Amino acid sequence: MANQVCINCGSKYEIDEIVYFCRKCGDILEIKYDYGELSKALKRSDWRNAPLSVWRYRDFMPINDPTKIVSLNEGGTGLHPCMRLAKHLGLRELYVKNEGENPTGSFKDRGMTVGVTKAVELGVKSVICASTGNTSASLAAYAAKAGLQCAVLIPTGKIAYGKLSQAMIYGAKVIQVRGNFDQALDIVLKLSEKHRTIYLLNSVNPFRIEGQKSLGYEICDQLNQQAPDRVIVPVGNAGNISAIWKGFKEFHELGFVKGLPKMTGIQAAGAAPIAQAIKTGSDTIVPVAAPETVATAIRIGAPVSWKKALNAIRESKGTAETVTDEEILSAQKLLARVEGLFVEPASASSIAGLIKLVENGLIDKDERIVCVTTGHGLKDPDTAVKMSEKPVEVDAEMAAIEYVLGLKRAMEVVAR
Ligand code: AN7
Numbered sequence: 109m110a111n112q113v114c115i116n117c118g119s120k121y122e123i124d125e126i127v128y129f130c131r132k133c134g135d136i137l138e139i140k141y142d143y144g145e146l147s148k149a150l151k152r153s154d155w156r157n158a159p160l161s162v163w164r165y166r167d168f169m170p171i172n173d174p175t176k177i178v179s180l181n182e183g184g185t186g187l188h189p190c191m192r193l194a195k196h197l198g199l200r201e202l203y204v205k206n207e208g209e210n211p212t213g214s215f216k217d218r219g220m221t222v223g224v225t226k227a228v229e230l231g232v233k234s235v236i237c238a239s240t241g242n243t244s245a246s247l248a249a250y251a252a253k254a255g256l257q258c259a260v261l262i263p264t265g266k267i268a269y270g271k272l273s274q275a276m277i278y279g280a281k282v283i284q285v286r287g288n289f290d291q292a293l294d295i296v297l298k299l300s301e302k303h304r305t306i307y308l309l310n311s312v313n314p315f316r317i318e319g320q321k322s323l324g325y326e327i328c329d330q331l332n333q334q335a336p337d338r339v340i341v342p343v344g345n346a347g348n349i350s351a352i353w354k355g356f357k358e359f360h361e362l363g364f365v366k367g368l369p370k371m372t373g374i375q376a377a378g379a380a381p382i383a384q385a386i387k388t389g390s391d392t393i394v395p396v397a398a399p400e401t402v403a404t405a406i407r408i409g410a411p412v413s414w415k416k417a418l419n420a421i422r423e424s425k426g427t428a429e430t431v432t433d434e435e436i437l438s439a440q441k442l443l444a445r446v447e448g449l450f451v452e453p454a455s456a457s458s459i460a461g462l463i464k465l466v467e468n469g470l471i472d473k474d475e476r477i478v479c480v481t482t483g484h485g486l487k488d489p490d491t492a493v494k495m496s497e498k499p500v501e502v503d504a505e506m507a508a509i510e511y512v513l514g515l516k517r518a519m520e521v522v523a524r
């Protein structure tokens, strides 16, 4: 019922073939279904009665054997109405889809539950990825659950501490590469071609994208079978925005929603090849050789899914924007302080992008908008601590605390 298909030349590959790039033209692959067949299968299924989660959509996933599913209970994250933030920005209807609520604290778990399940189905014993942090944390956890050997390549010194601690405690072989993410990805792509027994779980693996498309499905289901007008997504390697768009398009094709959202990608100013291509109307990207941003998760100069992302943004009549580190950090603080949502810097770029697009008059204030926040704030505690007011240290005395809380004047404290 499903095939792997090249996004450029349309070459088809069997669903159980281990292939990451088209053998004819070298482009990346996506999974395509016979939607007539899928529609029939869905009519026989009681998927709507399953709880909101990635595996509620099992019938939409290219998995043959449900007994092999490797799950830590991913998906089913909150779609939080953000009334206070909306009011602050003069917007009518704003939601945050908070992916930090996943088992390892990021959206990557949606893709890994499907990708690692596929690895188990295929009978592979060892998995690998390159990562700016979250992919490595997620893969390490799912590999542990499945009993697979796992190696992760991360850039030296530029990965947030929470993520590093996760990859380490889950028992992955953690390899720090003296270089950036793009260099590490290049190595694992070549390595997995050369050593066919090592299964690659970066987002060129189309099974990852299948899991992540559930983010789009969930948003529709949480909005009572309606698509929002706009979805704003942080963009790094560009798998997620492509996956979410695939989810919306499939729900639309299957007749579950009438409309489609404008996909809006946000990149950090120092790592923004996709936003540049959108702004200049280019059909291709110019990779950034030395990407730099405080949002280390999206510190990526040569996004592997760039073509899928440009398609998603253009097909949906969306847009792309860049945000500075300062804008990212101030959006992170604002979201925490007006909505009680603590997200990591890369995730806050969707909020920073929203603010910028509203200020520039590029978003209609009546739109129904969903910002995706991709990872939990505790992934990067150092940045949060650096960004916030320092704690006040006092003697263990009531009067000192009354003073700090403004309940007593300094004189009285001293006099006592
Ligand atoms: C919090 O972990 O690429 O555009 O190696 O961790 O699908 O790459 C992380 C990406 C956004 C960008 N927000 O998503 C990795 C990695 C967070 C992220 C992105 C990432 P893509």
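In the working numbering, the protein residues as written are 109 to 524. Idealized CB from N, CA, C, for every residue including glycine. Nothing here was measured: the structure is a model prediction, and the numbers come from that model.
query	result
Excluding the 5 residues preceding and the 5 following K226 in the sequence, name in chain order all residues of the same chain whose CB lies nearer than 6 Å to its CB.	F315
Evaluate M191 with the Cβ neighbour count: other Cβ atoms within 10 Å of its Cβ, from every protein chain shown; 16 or more gives buried, anything less gives exposed.	exposed
Helix, strand or coil for A268, going by three-state DSSP, please let me know.	coil
DSSP beta-bridge partners for N206?	T481
Could you tell me the distance, in whole angstroms, from the CA atom of V296 to the CA atom of S413?	16 Å
Quick one: give me the first and last residue of the beta strand (DSSP E) that A428 is part of.	T427 to V431
Measure the CB-CB distance between R200 and K473 and report whether it falls below 8 Å.	yes
DSSP has R76 in a bridge; who is on the other side?	No answer is possible for residue 76: the residues shown for the chain start at 109 and end at 524.
How many angstroms separate the CA atom of G231 from the CA atom of V127?	15 Å
Compare the C-alpha of I317 against each of C328, G355, E207 and L187 and name the closest.	G355
Which residues share a DSSP beta bridge with S234?	Q257 and I306
So the candidates are D391, T430, V446 and V343; which of them puts its Cα closest to the Cα of A415?	The displayed chain sequence assigns Lys, not Ala, to residue 415. With distances taken between Cα atoms, K415 lies closest to D391.
Is any heavy atom in ligand 1 found nearer than 7 Å to the beta carbon of G347?	yes
To which residues of the same chain is E361 closer than 6 Å at the C-beta, ignoring the five residues directly before and after it?	Y143
Taking only the alpha-carbon atoms, compute the straight-line gap between L137 and L308 and give it to the nearest angstrom.	14 Å
At the level of alpha carbons, what is the spacing between I471 and D217?	31 Å
To the nearest angstrom, report how far apart K425 and P174 are at their CA atoms.	37 Å
Check Q334 in the structure and name its three-state DSSP category.	coil
Which first and last residues belong to the beta strand (DSSP E) in which N111 is found?	A110 to C114
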